[in-house]
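Report on one structure; see the data block that follows.
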Amino acid sequence: MVFIVNDLLVLPPAMPNAYICTGEKTIDMDSLWKAIRKLSSENSMTVLRELCKGGKTFRELQTETGLIVNDLNHILYDMKQMGLIIPRGEKKGERTYHITSYCAILLNSIKLLQDKLQHVNGKDIFDAQV
0 MVFIVNDLLV LPPAMPNAYI CTGEKTIDMD SLWKAIRKLS SENSMTVLRE LCKGGKTFRE
60 LQTETGLIVN DLNHILYDMK QMGLIIPRGE KKGERTYHIT SYCAILLNSI KLLQDKLQHV
120 NGKDIFDAQV
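Note that numbering that gives the first Met the number 0 numbers the sequence shown so that position 28 is 27, with each residue one more than the last.
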């Protein structure tokens, strides 16, 4: 599954003056791991699956996901703070939520990793001789 997003380019949080051998700025690893942990939540992934279909209002998300108001508010707030989603619209009831380019890249990277690891036997990893 490939996630294509037509939204504003939202880049991941960057650490000031952080470089890894290439001279390129790198993302803040703490922020990256927080985002990955958030994506490991079934409720968060349920929300993102809906947002991958297109922008949705809060009520549409609540109807489609079946989440209670507090849970959905918490998920949307966290994902917005992490740069995974972006709200659009001024009026509260008309505001729609969309995944960011950063989120699409993370989801595609996780999918790629899952595909690469599907043939690896977990027992072989822990029994490997170094």
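Think of the CB as a built atom: it goes at the ideal place given N, C-alpha and C, for glycine as much as any other residue.
Task: Through-space distance from Y76 to Q117, alpha-carbon basis - done: 32 Å
Open item on the list: Can you tell me whether T62 is buried or exposed? The criterion is at least 16 other CB atoms within 10 Å of its CB, across all chains shown.
Closed with: exposed
Task: Inter-residue Cα distance where the pair is G88 and R94 - done: Straight across, the Cα-Cα distance linking G88 with R94 is about 4 Å.
Open item on the list: Here's the rule: buried if 16 or more other CB atoms are within 10 angstroms of the residue's CB, otherwise exposed. What is P11?
Closed with: Residue confidence is low: P11 scores 44 on pLDDT, short of 50, so the model does not pin down where it sits. Its coordinate-derived value is still stated next. Counting Cβ neighbours within 10 Å, P11 comes out buried, since at least 16 surround it.
TODO: Specify the secondary structure class of T56 as computed by DSSP and reduced to three states.
DONE: Correct three-state label for T56: strand.
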